[in-house]
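Engineer: Mind looking over this structure? Questions follow.
Chains as they are written, first to last, in the numbering used here: chain A, 4 to 295; chain B, 4 to 295; chain C, 4 to 295; chain D, 4 to 295.
Below you can see the structure in the form of structure tokens.
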């Protein structure tokens with residue numbers, strides 16, 4: 004297929020590489036010229052503007068935050084889009100942004116598919132992403148070859164693009180809660196002079212024997228938060244997305260409220276660029292168990 | 004082996020049955036005559052008193068709560084125990100009780116092994132329990148054949164019996180947190196008119212593909228809490244054990260505090276004898292999403 | 004003095020009336036023509052635009068929210084302001100907005116005084132407002148006659164306008180916490196079949212014998228939330244201001260987090276336009292004590 | 004009147020002194036001989052046992068905790084009490100203890116009045132206590148002269164002694180919540196480089212101008228927690244009484260849960276014997292604002 008690609012950061016670049024490898028022609032644009040350069044080196048075709056990247060069958064976007072998405076996908080840009088183009092937005096968006104983008108594309112008659120993913124750049128590189136896709140069925144069908152080039156599995160969630168975003172936000176909340184829970188369990192171990200790795204080893208080995216638990220149990224048990232797989236300040240951002248989604252629906256999410264407070268505590272102690280599992284240092288510090 | 008068995012409730016009976024089947028001679032006592040009757044029907048040998056059950060190599064106990072353990076295992080009883088007996092306590096105990104029992108057995112020179120389990124009666128029946136054993140290594144070695152008859156795996160946690168209890172309490176806390184987290188995720192789905200089963204299906208299928216997640220995601224998605232696998236009022240009891248363990252060590256456990264408050268809310272709405280995953284109804288009710 | 008006045012809602016109108024009564028000439032503008040009409044009926048002089056209201060020595064503004072403040076006080080407006088004008092902003096603003104307005108006025112060389120108040124419209128009418136004023140000392144000195152016409156007391160908080168906003172936000176948080184606390188106390192009374200008015204009467208009479216406690220204890224004891232003195236949805240807005248102020252400084256405010264969750268619960272149960280003390284119905288409902 | 008007095012700690016001694024000064028004959032017993040000695044020096048008449056102190060019209064007790072109350076007021080003691088004696092229990096008791104004592108006295112036909120107080124030893128010395136009395140009206144009438152000698156005011160709360168205990172527990176919860184709220188407000192001030200005393204001065208002066216607010220605002224603003232007026236570890240005990248009262252009635256008290264967690268944090272950082280307002284240091288420490 005011939006496609007556009009907007010937003011070639013770490014995650015976007017890994018996706019683009021897989022698209023190229025699968026034989027797709029990818030016109031790439033990013034606000035950073037260096038990012039475009041790297042994407043071209045990876046086999047992409049440089050586009051001179053976002054508008055210039057709206058070609059072929061679909062445009063995939065992987066922009067870093069709501070503001071970037073709203074800044075790039077404007078009425079002006081969409082008015083200039085070729086008829087029949089599908090926009091596949093694979094980034095994590097707030098529900099407010101997701102709803103606004105859905106409405107915006109609707110006004111311009113452009114098919115809009117929300118397709119956020121579970122997985123980090125190294126998993127993107129290995130085509131191990133889980134893709135949550137929601138939007139018009141025909142549009143998803145058309146871009147399925149792109150998903151096949153990028154991910155391990157596509158989970159289809161119906162016509163309303165927002166559902167994919169809700170699922171992404173809720174999934175991240177679940178992972179964050181698992182991490183905090185591992186931290187409280189590890190703190191109990193420490194409080195009773197027991198190596199956290201022993202305690203978590205048993206619990207994870209018995210009940211939760213999946214990679215995500217094993218990985219985080221290891222980081223938490225040894226309080227090893229560098230290098231960061233996912234920055235703690237992004238964890239706070241995700242907690243805020245969940246809280247905002249809840250707030251807009253009058254839904255209290257008390258675990259998310261605890262997470263938010265603990266991320267702030269961690270940030271105040273310099274953990275913003277540590278792995279987000281550094282939030283588990285908060286329980287230890289509060290109990291005076293943080294000294295070596 | 005020839006062993007005693009004290010406490011033949013649902014869980015104890017399932018264990019005893021497996022011990023008998025593995026060829027052990029089991030002298031059983033319970034405060035309830037009916038329970039002794041059922042145990043005898045299952046192949047146990049009725050004992051006339053707790054003291055009468057202290058025979059052979061070891062006595063296994065599976066009593067329902069701290070008060071029962073402290074009421075049965077008294078100075079008087081232990082003074083009457085045969086020399087060399089090992090006491091294997093497989094019940095969930097508070098840390099205060101665990102520490103008191105360890106000290107008590109120490110004074111009487113009786114080897115004490117704490118060996119709580121992960122698993123419910125039907126898993127006990129299928130020998131699928133995970134056993135966490137802590138206590139003198141030689142004593143654990145001696146009772147290992149009993150564990151082999153009962154469980155899928157024995158996790159050894161060192162000399163201090165309390166460590167097995169800390170691990171059990173922390174493990175239950177983790178499971179409880181997972182359930183609450185699934186509930187908050189499901190509530191987000193409901194708040195955005197999405198079937199919770201769709202959202203949880205993706206998240207669990209992508210990231211958490213283990214039985215315990217699949218089972219609870221299903222209960223939570225369909226808010227199906229009867230029959231109870233584990234009563235919610237026991238969930239509150241477990242949260243209290245975690246909070247008490249934290250409190251004794253000046254360790255705040257904010258997720259456990261949220262759980263406690265939510266269990267009380269659920270109890271106030273009649274869920275005490277529903278499955279403990281009924282705690283996830285609280286988020287829905289608070290958001291006005293509980294009406295059909 | 005000759006002054007401008009922008010924003011003549013319920014609160015603004017009450018202030019304006021007192022300014023007029025004290026002999027000041029007040030040029031009033033509001034986005035609503037009806038509001039201007041009411042202000043003119045109260046003795047104000049109608050202005051045709053915000054710009055037309057920038058006259059004389061000072062302009063007082065009392066706009067309903069951040070967006071309105073940012074929408075009215077733009078670079079264009081300030082560029083057109085007469086030299087030497089003092090802008091006195093008496094509304095409740097977020098800290099982000101407060102900081103932006105301080106910077107904006109600085110760029111245009113317009114003296115900016117933040118002067119939010121404690122008090123509701125009926126207190127404004129009776130000149131019982133407490134005014135928190137921060138900004139350049141000379142500017143505050145110049146507008147002090149206006150404060151004298153409006154309030155019971157002016158509390159001066161230094162040169163940095165933001166301090167007045169922090170104080171307003173923190174003060175509202177304190178009142179909200181008092182209300183929630185009265186609610187938890189009242190719920191304990193109800194849980195033990197005791198009239199909440201009896202319990203709160205003793206506690207308030209003994210320890211907290213000030214009007215604000217007496218007023219809210221009465222509303223809470225009798226769960227009487229209509230007519231609203233201050234809408235619950237504005238209470239949520241204020242909790243959000245406190246949380247945002249905390250978040251920007253990496254400061255967890257756990258009471259504010261509880262308040263937020265409880266306001267959402269109350270909103271989900273239809274209390275958005277009840278008095279914000281209706282948040283105390285949440286504890287009763289969660290405990291199943293809400294039925295008559 | 005001729006009365007007994009059991010429990011002559013700091014608070015009890017101050018009360019006894021006032022009883023003696025008012026002309027009552029007071030037979031005093033305490034488990035500590037030194038305490039009895041001090042009470043005799045203050046004009047009391049030493050009793051050789053709790054039983055020996057059950058004389059005259061009434062016995063006042065002021066024991067330090069539930070265990071002491073249950074240990075002294077046993078079936079044996081009450082069986083030996085003179086007919087017509089009134090027991091006035093002025094200590095803070097858990098509701099479980101209060102209910103048990105009410106039942107116990109009922110079985111022995113001894114009139115039981117619960118009469119806990121608001122106030123600290125120095126207020127007791129100055130007869131400034133607020134006394135909450137509940138129990139049989141005739142019994143309260145008979146001991147009113149004792150209350151008149153001790154307190155500023157007696158608040159009568161009906162026939163059920165438990166009501167006085169609920170009120171005491173709820174009142175302490177309210178004070179604790181006020182302190183935490185002052186702490187969150189002060190932390191906001193610190194986070195924005197503003198002296199907390201300035202912020203709290205305005206808020207307390209405007210809205211909460213009563214001694215209890217002024218006193219704690221001053222301690223909190225200057226983080227001055229020694230000498231302790233009321234030990235933080237007793238604050239934790241009081242929070243536990245509130246939580247236990249709530250738990251027994253399926254009533255979540257989220258502010259009390261936050262308080263508990265924060266007291267633990269403070270205890271872990273050595274504040275157990277500081278004033279309970281030291282709990283406000285937790286917010287500062289969590290935000291990294293604790294360094295001088």
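By construction, the Cβ of each residue, glycine as well, lies at the ideal position given by its N, Cα and C atoms.
In this text, all values refer to a predicted model and were calculated from it rather than measured experimentally.
Using C-beta distances below 7 Å, list every residue in its chain close to residue 185 of chain C, excluding the 5 sequence neighbours before and after it, in chain order.
Structural biologist: Sequence index remark: in the third chain, residue 185 of chain C carries index 182 (1-based). Once the five neighbours on either side are set aside, the close Cβ partners of residue 185 of chain C are 203, 219, 220, 223 and 283.
Engineer: Rounded to the nearest angstrom, what separates residue 134 of chain D and residue 155 of chain D at their Cα positions?
Structural biologist: If you number the fourth chain from 1, residue 134 of chain D lands on position 131. If you number the fourth chain from 1, residue 155 of chain D lands on position 152. Spanning the two alpha carbons is a distance of roughly 8 Å.
Engineer: Looking at residue 278 of chain C: is its Cβ nearer than 9 Å to the Cβ of residue 95 of chain C?
Structural biologist: For the purposes of this step, residue 278 of chain C is taken as the residue at position 275 of the third chain. For the purposes of this step, residue 95 of chain C is taken as the residue at position 92 of the third chain. Taking 9 Å as the Cβ cut-off, residue 278 of chain C and residue 95 of chain C do not qualify as a contacting pair.
Engineer: Relative to chain A, which residues along the region 248-261 of chain C have a C-beta separation below 9 Å, given in chain order?
Structural biologist: For the region 248-261 of chain C, which is checked against every Cβ of chain A, the residues closer than 9 Å are 249, 250, 252, 253, 254, 255, 256, 257, 260 and 261.
Engineer: Tell me the start and end of each unbroken alpha helix (DSSP H) in the region 49-137 of chain B that is at least 4 residues and wholly inside, in chain order.
Structural biologist: For the region 49-137 of chain B, whole alpha helix (DSSP H) runs of length 4 or above, ordered along the chain, are 69-75, 78-82, 98-111 and 124-128.
Engineer: DSSP on residue 250 of chain C, reduced to helix/strand/coil?
Structural biologist: For the purposes of this step, residue 250 of chain C is taken as the residue at position 247 of the third chain. The answer is helix: DSSP assigns residue 250 of chain C an H, G or I state.
Engineer: Around the C-beta of residue 199 of chain C, are 16 or more other C-beta atoms found within 10 angstroms, so that it is buried, or is it exposed?
Structural biologist: For the purposes of this step, residue 199 of chain C is identified with residue 196 of the third chain, where counting begins at 1. Under this definition residue 199 of chain C is a buried residue.
Engineer: With three or more C-beta pairs closer than 8 Å as the rule, is the region 62-81 of chain C touching the region 163-173 of chain D?
Structural biologist: No, the region 163-173 of chain D is not in contact with the region 62-81 of chain C.
Engineer: Taking only beta-carbon positions, decide if residue 55 of chain D is within less than 9 Å of chain B.
Structural biologist: Mapped onto the fourth chain, residue 55 of chain D falls at position 52. Chain B, which has no Cβ nearer than 9 Å to the Cβ of residue 55 of chain D, makes this no.
Engineer: Taking 9 Å as the CB-CB limit, is residue 290 of chain C close to chain B?
Structural biologist: Within the third chain, residue 290 of chain C is the residue found at index 287, counting from 1. So yes, residue 290 of chain C belongs to the interface.
Engineer: Select from D/138, D/238 and D/243 the residue whose C-alpha is nearest the C-alpha of residue 178 of chain D.
Structural biologist: Position 175 of the fourth chain, counted from the first residue, corresponds to residue 178 of chain D. Checking every option, the nearest Cα to that of residue 178 of chain D belongs to D/238.
Engineer: Given residue 33 of chain C, which residues of its chain have a CB within under 8 Å of its CB, disregarding the five upstream and five downstream residues?
Structural biologist: Translated into positions along the third chain, residue 33 of chain C becomes position 30. Excluding sequence neighbours, residue 33 of chain C sits near 9, 10, 11, 12, 15, 39 and 42.
Engineer: Compare the C-beta of residue 68 of chain B with all C-beta atoms of chain D and state if any pair is closer than 9 Å.
Structural biologist: Working through the second chain from its first residue, we reach residue 68 of chain B at position 65. Not closer than 9 Å to any Cβ of chain D, the Cβ of residue 68 of chain B fails to qualify, so no.
Engineer: Counting only Cβ pairs nearer than 9 Å, list the residues of chain D close to residue 17 of chain C.
Structural biologist: As a first step, residue 17 of chain C must be located in the third chain, where it is residue number 14. Here the premise fails: no neighbours, minimum Cβ distance about 18 Å.
Engineer: Quick check: residue 153 of chain D and residue 18 of chain D, are their CB atoms within less than 9 Å of each other?
Structural biologist: Start at 1 with the first residue of the fourth chain, and residue 153 of chain D comes out as number 150. Start at 1 with the first residue of the fourth chain, and residue 18 of chain D comes out as number 15. In contact: residue 153 of chain D and residue 18 of chain D (Cβ atoms closer than 9 Å).
Engineer: Which residues, taken in chain order from the region 264-282 of chain B, show a beta carbon closer than 7 Å to some beta carbon of chain C?
Structural biologist: Those would be 268, 271 and 272, in chain order.
Engineer: From the beta carbon of residue 163 of chain A, is the nearest beta carbon of chain B less than 9 Å away?
Structural biologist: Here residue 163 of chain A is taken as the residue at index 160 of the first chain, counted from 1. For residue 163 of chain A, the answer is yes, since a Cβ of chain B falls inside 9 Å of its Cβ.
Engineer: Determine whether the Cβ of residue 115 of chain C lies closer than 9 Å to any Cβ atom of chain D.
Structural biologist: What you label residue 115 of chain C is simply residue 112 of the third chain in a count that begins at 1. No - not a single Cβ of chain D is within 9 Å of the one on residue 115 of chain C.
Engineer: Hey, is residue 259 of chain A close to the ligand MN, as in C-beta under 8 Å from one of its heavy atoms?
Structural biologist: By its list of ligands, the structure shown contains no ligand whatsoever, and the ligand MN lies outside what it can speak to.
Engineer: Measure the CB-CB distance between residue 27 of chain C and residue 149 of chain C and report whether it falls below 9 Å.
Structural biologist: Translated into positions along the third chain, residue 27 of chain C becomes position 24. Translated into positions along the third chain, residue 149 of chain C becomes position 146. Yes, the Cβ-Cβ distance between residue 27 of chain C and residue 149 of chain C is below 9 Å.
Engineer: Just to confirm before moving on: does the CB-CB distance between residue 137 of chain C and residue 112 of chain C stay below 9 Å?
Structural biologist: Taking the third chain and counting its residues from 1, the one referred to as residue 137 of chain C is at position 134. Taking the third chain and counting its residues from 1, the one referred to as residue 112 of chain C is at position 109. Not a contact, by the Cβ cut-off of 9 Å.
Engineer: Just grab the DSSP bridge partners of residue 205 of chain C for me.
Structural biologist: Here the question's residue 205 of chain C lines up with position 202 in the third chain. DSSP output for residue 205 of chain C lists no bridge partner at all.
Engineer: According to DSSP, what are the bridge partners of residue 8 of chain A?
Structural biologist: Residue numbering aside, residue 8 of chain A sits at position 5 when the first chain is read from its first letter. Residue 8 of chain A pairs with A/31 and A/63.
Engineer: Note the first and the last residue of the continuous beta strand (DSSP E) segment covering residue 157 of chain A.
Structural biologist: Position 154 of the first chain holds residue 157 of chain A. Residues 154-159.
Engineer: Mind checking who residue 278 of chain B pairs with in its DSSP beta bridge?
Structural biologist: One-based indexing of the second chain puts residue 278 of chain B at position 275. B/234.
Engineer: Of the choices A/91, A/86 and A/195, whose alpha-carbon is the least far from that of residue 62 of chain A?
Structural biologist: Taking the first chain and counting its residues from 1, the one referred to as residue 62 of chain A is at position 59. Here the closest residue by C-alpha is A/91.
Engineer: Taking 9 Å as the CB-CB limit, is residue 3 of chain A close to chain B?
Structural biologist: Here chain A comprises residues numbered 4 to 295, so residue 3 of chain A is not present and cannot be evaluated.
Engineer: Of all Cβ atoms in chain D, is any one closer than 9 Å to the Cβ of residue 219 of chain C?
Structural biologist: Looking up residue 219 of chain C in the third chain gives position 216. Cβ-Cβ to chain D under 9 Å: no for residue 219 of chain C.
Engineer: Which first and last residues belong to the alpha helix (DSSP H) in which residue 289 of chain C is found?
Structural biologist: Position 286 of the third chain, counted from the start, is the residue given in the question as residue 289 of chain C. Residues 284-289.
Engineer: Please list, in chain order, all residues of the same chain as residue 229 of chain D whose beta carbon is under 8 Å from its beta carbon, the five residues on each side excluded.
Structural biologist: Counting from one through the fourth chain, the residue named residue 229 of chain D turns up at place 226. Cβ neighbours of residue 229 of chain D beyond the five flanking positions: 277 and 278.
Engineer: Can you tell me whether DSSP reads residue 211 of chain B as helix, strand or coil?
Structural biologist: Position 208 of the second chain holds residue 211 of chain B. In the structure shown, residue 211 of chain B sits in coil (DSSP, three-state: anything other than H, G, I, E or B).
Engineer: Quick check on the burial criterion: 16 or more other C-beta atoms within 10 angstroms. Buried or exposed for residue 194 of chain C?
Structural biologist: If you number the third chain from 1, residue 194 of chain C lands on position 191. By the 10 Å Cβ count, residue 194 of chain C comes out buried.
Engineer: Alpha helix (DSSP H) containing residue 229 of chain B: first to last residue?
Structural biologist: Walking along the second chain from the start, residue 229 of chain B turns up at place 226. Residue 229 of chain B -> no alpha helix (DSSP H), and no H or E assigned at all.
Engineer: Strictly below 8 Å CB to CB, what residues from chain A border residue 176 of chain B?
Structural biologist: Your numbering for residue 176 of chain B matches position 173 in the second chain. What residue 176 of chain B touches in chain A: 184, 187, 188 and 191.
Engineer: At a CB-CB cut-off below 9 Å, which residues of chain B make contact with residue 150 of chain A?
Structural biologist: As a first step, residue 150 of chain A must be located in the first chain, where it is residue number 147. The premise fails here: residue 150 of chain A is roughly 14 Å from chain B at the closest Cβ pair, so nothing lies under 9 Å.
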